[in-house]
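Asker: Below is a structure I'd like to ask you about.
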Amino acid sequence: MFAYIVRRLALMLVTLFGISVIIFVLLRVVPGNIVDILFDAAGFVDPTDKANLEKELGLNLPIYQQYLNWIGGLLHGDLGYSYVSEKPALQEILPRIPITARLAALALLFSASIGIPLGVLSAVHQGSRLDYTLRVVSLSGLSLPSFWLGLLILMASVSMFGSMPIYNPNPKTWTEAFAIYAVPAMAVGFRSAALTMRITRSSMLEILRQDYIRTARAKGASEASVNYRHALKNAILPVITVIGIEAAFLIGGLIVTETVFNIPGVARFLVEALRWRDYPIVQNLVMLIAVVVVVANFTVDMLYAAIDPRIRYGD
Amino acid sequence: MMEAKTEDTVLDVRNLQTVFFTNSGLFRAVDDVSFSVRRGETLAIVGESGCGKSVTALSVMRLVPDPPGRVVGGSVTLEGTDLLSLDEAEMRDIRGNRISMIFQEPMTSLNPVMRIGDQITEVLRLHQEMTAKEAWAKAVEMLRLVRIPEPQRRAHEYPHQLSGGMRQRAMIAMALACRPALLIADEPTTALDVTIQAQILALIVDLQKTLGTGLILITHDLGVVAQTAQRVIVMYAGKKVEEATVEDLFANPKHPYTRGLMASMPAVISFGAKTDARLNEIPGMVPSLTNLPPGCAFAPRCRLAIDRCRAEYPPLQEVDAHHLAACWRATELQGAP
Numbered sequence: 001m002f003a004y005i006v007r008r009l010a011l012m013l014v015t016l017f018g019i020s021v022i023i024f025v026l027l028r029v030v031p032g033n034i035v036d037i038l039f040d041a042a043g044f045v046d047p048t049d050k051a052n053l054e055k056e057l058g059l060n061l062p063i064y065q066q067y068l069n070w071i072g073g074l075l076h077g078d079l080g081y082s083y084v085s086e087k088p089a090l091q092e093i094l095p096r097i098p099i100t101a102r103l104a105a106l107a108l109l110f111s112a113s114i115g116i117p118l119g120v121l122s123a124v125h126q127g128s129r130l131d132y133t134l135r136v137v138s139l140s141g142l143s144l145p146s147f148w149l150g151l152l153i154l155m156a157s158v159s160m161f162g163s164m165p166i167y168n169p170n171p172k173t174w175t176e177a178f179a180i181y182a183v184p185a186m187a188v189g190f191r192s193a194a195l196t197m198r199i200t201r202s203s204m205l206e207i208l209r210q211d212y213i214r215t216a217r218a219k220g221a222s223e224a225s226v227n228y229r230h231a232l233k234n235a236i237l238p239v240i241t242v243i244g245i246e247a248a249f250l251i252g253g254l255i256v257t258e259t260v261f262n263i264p265g266v267a268r269f270l271v272e273a274l275r276w277r278d279y280p281i282v283q284n285l286v287m288l289i290a291v292v293v294v295v296a297n298f299t300v301d302m303l304y305a306a307i308d309p310r311i312r313y314g315d
Numbered sequence: 001m002m003e004a005k006t007e008d009t010v011l012d013v014r015n016l017q018t019v020f021f022t023n024s025g026l027f028r029a030v031d032d033v034s035f036s037v038r039r040g041e042t043l044a045i046v047g048e049s050g051c052g053k054s055v056t057a058l059s060v061m062r063l064v065p066d067p068p069g070r071v072v073g074g075s076v077t078l079e080g081t082d083l084l085s086l087d088e089a090e091m092r093d094i095r096g097n098r099i100s101m102i103f104q105e106p107m108t109s110l111n112p113v114m115r116i117g118d119q120i121t122e123v124l125r126l127h128q129e130m131t132a133k134e135a136w137a138k139a140v141e142m143l144r145l146v147r148i149p150e151p152q153r154r155a156h157e158y159p160h161q162l163s164g165g166m167r168q169r170a171m172i173a174m175a176l177a178c179r180p181a182l183l184i185a186d187e188p189t190t191a192l193d194v195t196i197q198a199q200i201l202a203l204i205v206d207l208q209k210t211l212g213t214g215l216i217l218i219t220h221d222l223g224v225v226a227q228t229a230q231r232v233i234v235m236y237a238g239k240k241v242e243e244a245t246v247e248d249l250f251a252n253p254k255h256p257y258t259r260g261l262m263a264s265m266p267a268v269i270s271f272g273a274k275t276d277a278r279l280n281e282i283p284g285m286v287p288s289l290t291n292l293p294p295g296c297a298f299a300p301r302c303r304l305a306i307d308r309c310r311a312e313y314p315p316l317q318e319v320d321a322h323h324l325a326a327c328w329r330a331t332e333l334q335g336a337p
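Sequences listed follow chains A and B, in order.
Numbering (the UniProt record's numbering) for the first sequence: 1 to 315.
Numbering (the UniProt record's numbering) for the second sequence: 1 to 337.
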């Protein structure tokens, strides 16, 4: 087990290295850098000024040199300076992380706490009106883009309350905190909730046919015990996989949701930085997201072993 | 009826009818079946696959999946209580407590993500006032009772860490933990190796004697019946076609179907005997339950069938003392096949 974890951690480092190369190269393949954008906006180009600025930002160096500078800095905890604000990139990124993390955690919590029980309910009452309703609602959850759902929520809020929630770093009341965090989290989590529900349902349907479910009934266990204690624990593995993958996809959903709800989180910041070709911000943010995804994957695999005794990671 | 209801009767089933509603129509999986089991007695239910043995057992447990199945008639009386009139919560108090069941597949009948000890503990805590610690101690004791070596260690293990025979022992421990009045064993040895089969059967019979449990043994293996049961009922196409004591049934089977079953049992060939003797078989197939012939369901496969057999279903009659058979020609049949 220990050897396995060490090997997994080593693999994670290799993965992250690969991602760092890809993101670095991709960013530079995209036409134009911040200097081009600035000079285009000014409408006047003095080639010496441009060359000076590029030199100042280190953009004149060969690409491998730029990469080594970035990675070397990263290993020392130096993320470089934002081209736009000229502040240290770390200072720009760090305060935004908790905002997005809170949103993401809430969205995942929402999708698990809604999706799993509804999935169980749908499977247990297979073929009933409740089952059909839940399946239609979940299908709509899969087909509604989260930005559109966010817009709908905002419009509904305006038409019902005459206002819409505006982000405030220090919400004063619980209702305000709810409006600022929970509503966007639900908008972005609706899709995951729908997916979680559908996976839970199909996995439960499979498990409920197993012999040991009949054994549990023959013991005199209640329906609740049969469904949750006996069936769900066996049915949960694919659900965990999906939630793990959703955790990664969530970043994409958060980009639009943070934009729609005007929340100054990491995801929206990433898009803004990309527009300015603010390399230090984009590179480091993507690396951060990559770390989150890789760690989420690792956690899912570890959870597998914790839940199913038949799964053991040996050498 | 053959068995008078006595103080000793644990289970009494009268005219049980279980039907299934399927796309191809309604079929009677169990049709007018009656039997009773006394304390400490073993009743074997014999028949081919699909003859209604398992559905009979599930009907007694009230575990027939509904839909598509439903018990539509008859009565099931356990120790004086009519099980069919109980509500679901009352029935749950009976299951695993007064009636237990062991299933055919020990590989898939235990929950793979729960420890063996926890699975036994669960049934104890459902039906008896016990702390978790007491229940665990009792679970270990049950594992010892079913002769699982190192029961303390095994209780902490998961089903996949046990062999098939061990798992079936654990199932037996679970089924007997609450000292039920009736144990239903549905082909308990079919999925096991031959050597293990004998051990498991011996264990079931032994514990049944010690605990005084009534036992319904469902099997298609007449060898198992001869070794363990006192009385036998033979089922065909959802109906009981013969009932007798084991001795009577083997010495003097009265239904052509029973005779066919016995003739198709391979015998151990003694030294010097002809070794190329062909095994007898019953010609034809079990009829589809959705499309039964008007007369005796066995008539199309029966060598002795006469016109009456094809027209009229023969009633279950006492052809000898304590020997029932549903065949128009039963009285003409004498001696072992």
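Every residue, glycine too, gets a C-beta built ideally from N, C-alpha and C.
Can you tell me whether DSSP reads I311/A as helix, strand or coil?
Answerer: coil
Asker: Just to confirm, are L16/A and A231/A a CB contact at a threshold of 7 Å?
Answerer: no
Asker: Could you please give me the residues that DSSP links to V232/B through a beta bridge?
Answerer: A44/B, A244/B
Asker: Can you check whether the C-beta of N234/A is within less than 7 Å of a C-beta belonging to chain B?
Answerer: yes
Asker: Taking the beta strand (DSSP E) that H323/B falls in, what are its first and last residues?
Answerer: 323-325
Asker: What is the DSSP secondary structure of A29/B, reduced to helix, strand or coil?
Answerer: strand
Asker: Helix, strand or coil: which one does DSSP assign to F39/A?
Answerer: helix
Asker: Is the Cβ of L63/B closer than 7 Å to any Cβ of chain A?
Answerer: Chain A, which has a Cβ nearer than 7 Å to the Cβ of L63/B, makes this yes.
Asker: Anything in the region 300-313 of chain A with a Cβ closer than 8 Å to a Cβ of chain B? List those residues in chain order, please.
Answerer: I307, D308, P309, R310
Asker: Using the DSSP secondary-structure output, state which residues sit across from R275/A in a beta bridge.
Answerer: Partner(s): none; R275/A has no beta bridge.
Asker: R28/B: beta carbon under 6 Å from a heavy atom of the ligand FMN?
Answerer: Absent from the structure shown: the ligand FMN. Ligands present: none.
Asker: Which residues in chain A sit within 7 Å of G96/B, going by Cβ to Cβ distance?
Answerer: Correct list: A218, K219, G220.
Asker: Quick check: what's the CA-CA separation for L203/B versus N280/B?
Answerer: 32 Å
Asker: From the DSSP output, read off the bridge partner residues of T215/A.
Answerer: The partner list for T215/A (beta bridge, DSSP) is empty, contrary to what the question assumes.
Asker: Indicate whether R308/B and G284/B have their beta-carbon atoms separated by less than 7 Å.
Answerer: It is not a contact, given that the beta carbons lie outside the stated cut-off.
Asker: Using a Cβ-Cβ cut-off of 8 Å (strictly less than) and excluding sequence neighbours within five positions of V115/B, which residues of its own chain qualify?
Answerer: It should be pointed out that residue 115/B corresponds to Arg in this sequence rather than to Val. Hits under 8 Å: A155, H156, E157, Y158.
Asker: Please determine, among K240/B, T290/B, N97/B, V37/B, the residue with the shortest C-alpha to C-alpha distance to F20/B.
Answerer: Nearest option by C-alpha distance: T290/B.
Asker: At the 7 Å Cβ level, is D131/A part of the contact set with chain B, yes or no?
Answerer: no
Asker: So the candidates are A3/A, M1/A, A10/A, F2/A; which of them puts its Cα closest to the Cα of V295/A?
Answerer: A10/A
Asker: Thinking C-alpha only, which one of A237/B, L222/B, D186/B is nearest P294/B?
Answerer: A237/B
Asker: Identify the contact partners of Y212/A in chain B, using a Cβ-Cβ distance below 8 Å as the criterion.
Answerer: T108, S109, L110, N111, P112
Asker: First and last residue of the alpha helix (DSSP H) that includes S203/A?
Answerer: 183-208
Asker: If you reduce the DSSP assignment to three classes, tell me which class Q168/B lands in.
Answerer: helix
Asker: Check distances from the C-beta atoms of the region 144-162 of chain B to those of chain A and list, in chain order, the residues that come in under 9 Å.
Answerer: E157, Y158, P159, H160, Q161
Asker: Going by CA-CA distance only, name the one from S54/B, L211/B, E332/B that's closest to T18/B.
Answerer: S54/B
Asker: Output the boundary residues of the alpha helix (DSSP H) element that contains F161/A.
Answerer: 146-161
Asker: Between G265/A and L126/B, is the Cβ-Cβ spacing less than 7 Å?
Answerer: no
Asker: The alpha helix (DSSP H) that contains S143/A, what's its start and end?
Answerer: 129-143
Asker: Output, in chain order, the set of chain A residues within a Cβ distance shorter than 7 Å of residue 343/B.
Answerer: Residue 343/B falls outside the range modelled here, since chain B spans only 1 to 337, and no answer is possible.
Asker: So what's I216/B in DSSP terms, helix, strand or just coil?
Answerer: strand
Asker: Taking a cut of 9 Å between CB atoms, which residues from the region 119-132 of chain B lie near chain A?
Answerer: Q119, E122, V123, L126, H127
Asker: Which residues in the same chain as A104/A place their Cβ atom closer than 6 Å to its Cβ, once the five residues preceding and following it in sequence are excluded?
Answerer: L250
Asker: Residues bridged to residue 354/B by DSSP?
Answerer: Examination of residue 354/B is not possible in this model, given that chain B is present from 1 through 337 alone.
Asker: What are the residues that DSSP puts in a beta bridge with F20/B?
Answerer: F27/B, G69/B
Asker: Measure from the C-beta of T175/A to each C-beta in chain B and report whether the shortest distance is under 7 Å.
Answerer: no
Asker: Below 7 Å between beta carbons: does that hold for V10/B and A244/B?
Answerer: no
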